[in-house]
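In our numbering, the protein residues as written are 27 to 181. We put the beta carbon where it would ideally sit given N, CA and C, even for glycine. Below: the structure, in structure tokens.
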Amino acid sequence: MRIFWQESMCLGVPALDDDHRRLVVLLDQVCLALQGRNLPGAGRAVEEFIDALGLHFAHEERLIDQFGGDADERHRDGHAETLGLVERLREAIIDAADHALAITLASDLITQWITRLFHHDSDLVRHLKAPSSAGEPATPAAQPAERPMTRPRIS
Ligand SMILES: [Fe+2]
Ligand SMILES: [Fe+2]
């Protein structure tokens, strides 16, 4: 089980896309270490992923405060649920050294995170791009997406 960044994962807001690209790389480092049965390496990678994920969620939640729409609470709840799953993964790797459980949780995390990328995050981006009364996007960083969204490859 691995995860690779693809341009189809871009939502069209560079600051968020940069965060997501880095998170995919960090999560794949966890997967790669697990694939090699390298639990110490997976432990270091998952700690780095958790730090980056926390910063990213804080970043998104500031945007939700400013521009969010109807689904704000579901988006925040989704973040909390994902952080809970990542914490279980961290415990499986570092505290329990349970390789099989860690593989299962990492796989669940990839599925959950990708699903939310294309639902909650995509919905937030729609709000960021919604024209203001002046006819401009809600935020200058919100440029129109130039490509249709397609599901990324997960192996
Ligand atoms: Fe999000
Ligand atoms: Fe996100």
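Excluding its 5 nearest sequence neighbours in each direction, residue 65 has C-beta neighbours in its own chain below 7 angstroms: 119, 123 and 125, listed in chain order. Short of 6 angstroms from the beta carbon of residue 74, and not among the five residues preceding or following it, lie these beta carbons of its own chain, in chain order: 52. The straight-line gap separating the alpha-carbon atoms of residue 42 and residue 138 is approximately 18 angstroms. Pairing residue 58 with residue 88 gives a Cβ-Cβ distance that is not under 8 angstroms. For residue 71, the CB contacts under 6 angstroms within the same chain, skipping 5 residues up- and downstream, are 55, 56 and 59 in chain order. If you draw a straight line from the Cα of residue 63 to the Cα of residue 132, it is about 13 angstroms long.
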